[in-house]
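Please read the structure below before turning to the comments.
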Amino acid sequence: MNKSRSNRGRLFGRKNVRVLLPRIPGDVHMEPWWRVEVGLVLEEDIKMVNEEELAVIDKLIDLGSHNAGDLNYFIVLSLYKKGLIYLDVPITAVDRVQVPPLQGFVMNRILGDYFETLLYKIFVSIDEHTTVGELANVLQVDTELVKQAVSLYCRLKFARKLDANIEYEKLKWHPSWSNLPQQESRNMDITPLTLSLSSASNLNISSDLQSPPNRAARKPPPAPPCPGRVSEWLSSSTPPSRPSS
Numbered sequence: 001m002n003k004s005r006s007n008r009g010r011l012f013g014r015k016n017v018r019v020l021l022p023r024i025p026g027d028v029h030m031e032p033w034w035r036v037e038v039g040l041v042l043e044e045d046i047k048m049v050n051e052e053e054l055a056v057i058d059k060l061i062d063l064g065s066h067n068a069g070d071l072n073y074f075i076v077l078s079l080y081k082k083g084l085i086y087l088d089v090p091i092t093a094v095d096r097v098q099v100p101p102l103q104g105f106v107m108n109r110i111l112g113d114y115f116e117t118l119l120y121k122i123f124v125s126i127d128e129h130t131t132v133g134e135l136a137n138v139l140q141v142d143t144e145l146v147k148q149a150v151s152l153y154c155r156l157k158f159a160r161k162l163d164a165n166i167e168y169e170k171l172k173w174h175p176s177w178s179n180l181p182q183q184e185s186r187n188m189d190i191t192p193l194t195l196s197l198s199s200a201s202n203l204n205i206s207s208d209l210q211s212p213p214n215r216a217a218r219k220p221p222p223a224p225p226c227p228g229r230v231s232e233w234l235s236s237s238t239p240p241s242r243p244s245s
């Protein structure tokens, strides 16, 4: 977004922000209590899913939304990347949330934007001992707006929902949620303005949209060439002699 705004002074106008967005979704952060909803699935979309993914789609169509923790994590992630499902972050009036410490957090507010001002007002007022409904009553704001704001904070990992039955719920999760791959940590401050979209343009769409492969033993990569040959070539080559004066 900031890169698009920086092109205002150019002669031919600024660049469309759509070309700066990633072409496919990345590895989205998911929580087991999030709801998985089926999207618009066409007949052509069925051709690029495997049997396990098709079974999940049929379950969502027949039985409605499910908790993400009830389904295979990798199947949900694959379907999300293909745009066949979407994730809902449900927040009720009796929920409590906690805001962890954020390093270098920056929130640019646009003057005149009511909802953005409301987001900031709710964000600085969140208390882990106060429910969402009580917070809405204190701020004299519609409860639905507060729930939407808190849902957005949880989606962006700015806030964390407090659940007293989290240990009991873990017993009912799909086994794939117990051994999730750790996301690569970057040495950067947590701020919504440090998201690099330029690297997303080099994504391999064909490989990222493939179904999750079977976790079989992979063939080790070939060994690199022996460095001894390089040293022999360097020792055999002699530098040209300087002409005598």
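Numbering (full-length UniProt numbering), first residue to last: 1 to 245. Glycine included, every Cβ here is placed at the ideal spot set by N, Cα and C. These numbers come from a predicted model, not from an experiment.
Provide the residue span of the alpha helix (DSSP H) that contains residue i, from first to last.
i: residue 246; result: Since the first residue of the chain shown is 1 and the last is 245, residue 246 is not available in this structure.
i: Val56; result: Glu51 to Leu63
i: Val121; result: Before going further, note that residue 121 is Lys rather than Val in the sequence given. Per DSSP, Lys121 belongs to the alpha helix (DSSP H) from Tyr114 to Phe123.
i: Leu79; result: Tyr73 to Lys81
When the Cα atoms are used, what is the spatial distance from residue i to residue j?
i: Asn179; j: Trp173; result: 12 Å
i: Val89; j: Val76; result: 15 Å
i: Ser185; j: Glu53; result: Bear in mind that the predicted position of Ser185 carries a pLDDT of just 44, short of 50, making it unreliable; the figure below should be weighed with that in mind. Their backbone Cα atoms lie some 29 Å apart in a straight line.
i: Asp163; j: Ser65; result: 20 Å
i: Asp62; j: Pro175; result: 23 Å
i: Pro25; j: Lys81; result: 5 Å
i: Leu135; j: Asp45; result: 43 Å
i: Gly112; j: Asn137; result: 24 Å
i: Val38; j: Lys170; result: 24 Å
i: residue 250; j: Glu43; result: Lying before the first or after the last residue shown, residue 250 is absent from the chain, which here runs from 1 to 245.
i: Ser161; j: Lys121; result: In the sequence as presented, Ser is not what sits at residue 161; that position holds Lys. C-alpha separation (whole angstroms): 19 Å.
i: Ala55; j: Lys47; result: 13 Å
Output needed for residue i: all residues of its chain with C-beta closer than 7 Å, excluding positions within five of it in sequence on either side, in chain order.
i: Lys157; result: His29
i: Phe123; result: Tyr153
i: Trp177; result: Pro32, Gly69 and Tyr73
i: Arg155; result: Val89
i: Val36; result: Leu60, Ser65, His66, Ala68, Leu71, Val76, Ile85 and Leu87
i: Val41; result: Ile57 and Leu84
Can you tell me which of the options puts its alpha carbon nearest to the alpha carbon of residue i?
i: Val141; options: Arg35, Met48 and Leu119; result: Leu119
i: Ile126; options: Val99, Glu116 and Asp113; result: Val99
i: Leu139; options: Ala159, Thr117 and Arg160; result: Thr117
i: Pro101; options: Glu169, Asp27 and Ala159; result: Ala159
i: Glu51; options: Ser78, Phe115 and Asn137; result: Ser78
Ignore the nearest five residues each way along the sequence and tell me which others in residue i's own chain have a CB closer than 8 Å to its CB.
i: Val132; result: Ile91, Thr92, Ala93, Val94, Asp95, Arg96, Val97, Thr143, Val146, Lys147 and Val150
i: Trp34; result: Asn67, Ala68, Leu87, Asp88, Val89 and Pro90
Could you spell out the range, first to last residue, of the beta strand (DSSP E) harbouring residue i?
i: Glu134; result: That residue, Glu134, is in no beta strand (DSSP E); its alpha helix (DSSP H) goes Val132 to Leu139.
i: Ile85; result: Ile85 to Asp88
i: Leu42; result: Segment: none, Leu42 is in no beta strand (DSSP E) and carries neither H nor E.
Excluding the 5 residues preceding and the 5 following residue i in the sequence, name in chain order all residues of the same chain whose CB lies nearer than 6 Å to its CB.
i: Ala200; result: A caution first: Ala200 carries a pLDDT of 42, below 50, which makes its placement in the model unreliable, though a value can still be read off. Same-chain partners within the cutoff: Pro22.
i: residue 254; result: Nothing can be reported for residue 254, as the shown portion of the chain is limited to 1 through 245.
i: Val49; result: none
Please confirm whether residue i has its beta-carbon closer than 8 Å to some beta-carbon of chain C.
i: Val17; result: Protein chains in the displayed structure number just one, and chain C is not present.
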